[in-house]
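Undergrad: For the record, the sequence lines run as chains A and B.
Sequential numbering from 47 applies to the first sequence in our numbering.
Sequential numbering from -10 applies to the second sequence in our numbering.
We put the CB at the ideal spot given by N, CA and C, even for glycine.
If you're wondering where the values come from, they're calculated on a predicted model, not measured in any experiment.
Please see the structure below; I have some questions.
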Amino acid sequence: MTPLDASAPVGPPLWLLAELTYRCPLQCPYCSNPLDFARSGDELSTAQWLDVLRQGRELGAAQLGFSGGEPLVRQDLAELIGGARALGYYTNLITSGLGLSDAKVAAFAAAGLDHIQISFQASDPELNDALAGSRKAFRQKLAMARAVKAAGYPMVLNFVIHRHNIHQMPQILQLCEQLDADYVELATCQYYGWAFRNREGLMPSQAQLRAAESQVNDYRARLHARGAPMKLIFVTPDYYESRPKACMNGWGSLFLTVAPDGTALPCHSARLLPIDFPNVRTMSLAEIWYHSPGFNHYRGDAWMPEPCRSCEDKARDFGGCRCQAYLLTGDADNADPVCDKSPYHDRILAARTAADHARTGLDDLLYRNARNSRLLYRG
Amino acid sequence: MNPVPRIRRGFRLQWEPAQACFVLLYPEGMVRLNGSAGAILEAVDGERDVETIIERLRTRFPDAGDLGPDVREFLREAERQHWIEWQ
Ligand code: SF4
Ligand code: SF4
């Protein structure tokens, strides 16, 4: 019996991620944008984005994320928010907070924005601003987090966790409570894009991770005891697992990302795969979702080689993440090497060992900016 | 005064034709509701108290028997999930 029937009808995309731009004033060394973002083509226009949103909603998407890069760089953001809200999306703005102002918070609220997520790099200004590559980032983030809360939005704070800030976990949690956050995402780096390039300098050791995990669990228990609604979501790196995550809930099953230049992707890092992905400038979203070779590439399970092909877990995890398989084994068809059945699992083990001994300082990381992007791809 | 539930701020209940069900939308998340959960939350408008909600559902579903205990239990669960607040 094949639990995952390749001929099963494909459901609609329920989540649309609109990566409005790759421009960003910050330079996080763990940025998930492609390394070669600096040579990406023109951004979609306002009219093109509004059309993409309309098509996505018609297909069934209900959740919409505006991200980037830094989406606030787009001068038409309020217009896009208004358009999206009128279509019936639940609209999420995922921002670094740089470029936000009280006036914009109010304008977005008037346009119908449902939620603003602000990301922090650390719990103190020195480390935060060193990681972000900006000397005023932390102060601005604090001010904007307060403005967002004051405007009545649900407050979601996001911290990307790695070996240089993981020791701050208790302070991070205190800061979130002071800011009266409703949700806190503590997302350990996922190693794609710039983060993969900087993996050795970012990946926490197992000991660091376990310590942070128990701090989060203790804090959560205390919140629960007080009946406090602040919700903590700790995403641990799958490099410390022996079975892969069910990446994106299955390729082309729920998520649809549109990159700044209109490239449509089943996940925001899929761009690094050697697959030709369609573009919304030349194909309708319905055609892209249901019929394009790019989106059908890893649907079902007919593409799977061993050990996944004969594995009883293939309907649970879909063989893991295609990008991770590609980055670590050179072939995106392979089992995600996080899986201990993968013949390449030793590469994950080697990364763990490296994390135990890494001495990389903040200065050794490759920061995400246009200059470094061009240096990497001088071609 | 009887307690009045309302959908928590930042949450939105919405009928989704593509999924043929009510969904509850919140920051970066979505819960698909089954028929009865959808019907109960649809009656939560920030003005009706629990008795009025039950009464309303009784009128809508006259053959459903005594809805009271199920509705109260669901609202308690919705509160635990922080989907609703009391005012
Ligand atoms: S991760 Fe940092 S550098 Fe990358 S888009 Fe977000 S704020 Fe900008
Ligand atoms: S062998 Fe493949 S399908 Fe089986 S658990 Fe590992 S990654 Fe998942």
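1) Would you decide whether P(-6) of chain B is buried or exposed? Buried here means 16 or more other CB atoms lie within 10 Å of its CB.
2) As an exercise, report each continuous beta strand (DSSP E) stretch of at least 3 residues that is fully enclosed by the stretch 206 to 281 of chain A, in chain order.
3) Is C74 of chain A near ligand 2 - that is, is its Cβ less than 7 Å away from at least one heavy atom of it?
4) Give me the Cα-Cα distance between A310 of chain A and R362 of chain A, rounded to the nearest whole angstrom.
5) Using the Cα positions of L2 of chain B and P353 of chain A, report the straight-line distance between them to the nearest angstrom.
6) E65 of chain A: buried (16+ other C-beta within 10 angstroms of its C-beta) or exposed?
7) How would you label E66 of chain B, buried or exposed, when you count the other beta carbons within 10 angstroms and need 16 or more for buried?
8) Measuring alpha carbon to alpha carbon, tell me which residue in A:L374, A:F341, A:L373 is nearest P59 of chain A.
9) Which class does I334 of chain A belong to by DSSP, given the choice of helix, strand or coil?
10) For P339 of chain A, does the three-state DSSP call read helix, strand or coil?
11) For P58 of chain B, does the count of other Cβ atoms within 10 angstroms reach 16, so buried, or fall short, so exposed?
12) G(-1) of chain B versus chain A: which residues are under 8 Å apart at the beta carbon?
13) For the candidate residues A:G239, A:I394, A:Q220, whose alpha-carbon lies nearest to that of R264 of chain A?
14) With 16 as the cutoff for other CB atoms within 10 Å, does T48 of chain B come out buried or exposed?
15) Any heavy atom of ligand 4 closer than 7 Å to the CB of S165 of chain A?
16) Does A108 of chain A have its Cβ less than 8 Å from a Cβ in chain B?
17) Going by the DSSP bridge assignment, what does H161 of chain A pair with across the sheet?
18) For ligand 2, is there any heavy atom lying closer than 7 Å to the beta carbon of R393 of chain A?
19) Measure the CB-CB distance between S180 of chain A and P75 of chain A and report whether it falls below 8 Å.
20) Here's a check: name, in chain order, each residue in its chain whose Cβ is nearer than 6 Å to the Cβ of I42 of chain B, leaving out the five neighbours to either side.
21) Three or more C-beta pairs under 8 Å: does that hold for the stretch 280 to 296 of chain A against the stretch 404 to 414 of chain A?
22) So what does I426 of chain A bridge to, in DSSP terms?
23) With three or more C-beta pairs closer than 8 Å as the rule, is the stretch 86 to 93 of chain A touching the stretch 137 to 153 of chain A?
24) Is it true that the stretch 167 to 186 of chain A meets the stretch 101 to 113 of chain A, where meeting means three or more beta-carbon pairs spaced less than 8 Å apart?
25) Looking at ligand 2, does it come within less than 7 Å of D359 of chain A, judged from the CB to the closest heavy atom?
26) Take the Cβ of K182 of chain A as the centre, count every other Cβ of all protein chains shown within 10 Å, and call the residue buried at 16 or more, exposed below.
27) Distance check for Y237 of chain A and E246 of chain A, CA to CA, integer angstroms please.
28) Just to confirm my understanding: we take A132 of chain A, look at its own chain, exclude 5 residues before and 5 after, and list those with CB closer than 8 Å. What are they?
29) Apply the 10 Å Cβ neighbour rule to S113 of chain A and answer buried if 16 or more other Cβ atoms are within range, or exposed otherwise.
30) Whole angstroms is fine: what's the gap from L373 of chain A's alpha carbon to N244 of chain A's?
31) Of the residues A:S251, A:R209, A:R414, which one's Cα is nearest the Cα of T399 of chain A?
32) Where DSSP assigns a beta bridge to R21 of chain B, which residues make up the other side?
33) Would you say L81 of chain A and G239 of chain A are within 8 Å of each other, going by their C-beta atoms?
34) Would you say the beta carbon of R289 of chain A is closer than 7 Å to some non-hydrogen atom of ligand 2?
35) Would you call G425 of chain A buried or exposed, if buried means 16 or more other Cβ atoms sit within 10 Å of its Cβ?
TA: The answer reads as follows:
1) Under this definition P(-6) of chain B is a buried residue.
2) Entirely contained in the stretch 206 to 281 of chain A, the beta strand (DSSP E) runs reaching 3 residues are, in chain order, 229 to 234, 277 to 281.
3) no
4) 25 Å
5) 43 Å
6) buried
7) exposed
8) A:F341
9) helix
10) helix
11) exposed
12) D160, H161, Y199, P200, D228
13) Per the sequence shown, the amino acid found at residue 264 of chain A is Asp instead of Arg. Nearest of A:G239, A:I394, A:Q220 to D264 of chain A, Cα basis: A:Q220.
14) exposed
15) Here the bound small molecules are ligand 1 and ligand 2; ligand 4 is not part of this structure.
16) yes
17) A:N138
18) no
19) no
20) A32
21) no
22) Outside the modelled stretch of chain A, which goes from 47 to 425, sits residue 426 of chain A, for which no answer is possible.
23) Touching, no.
24) no
25) Checking every heavy atom of ligand 2 against the Cβ of D359 of chain A, one is found closer than 7 Å.
26) exposed
27) Each residue's Cα considered, the two are about 10 Å apart.
28) For A132 of chain A, where only same-chain residues beyond five positions count, the Cβ hits under 8 Å are G158.
29) buried
30) 13 Å
31) The candidate whose alpha carbon is nearest that of T399 of chain A is A:S251.
32) B:V12
33) yes
34) yes
35) Only weak support exists for where G425 of chain A lies, its pLDDT of 49 falling under 50; the value from the coordinates is given anyway. When all chains shown are included, G425 of chain A counts as exposed.
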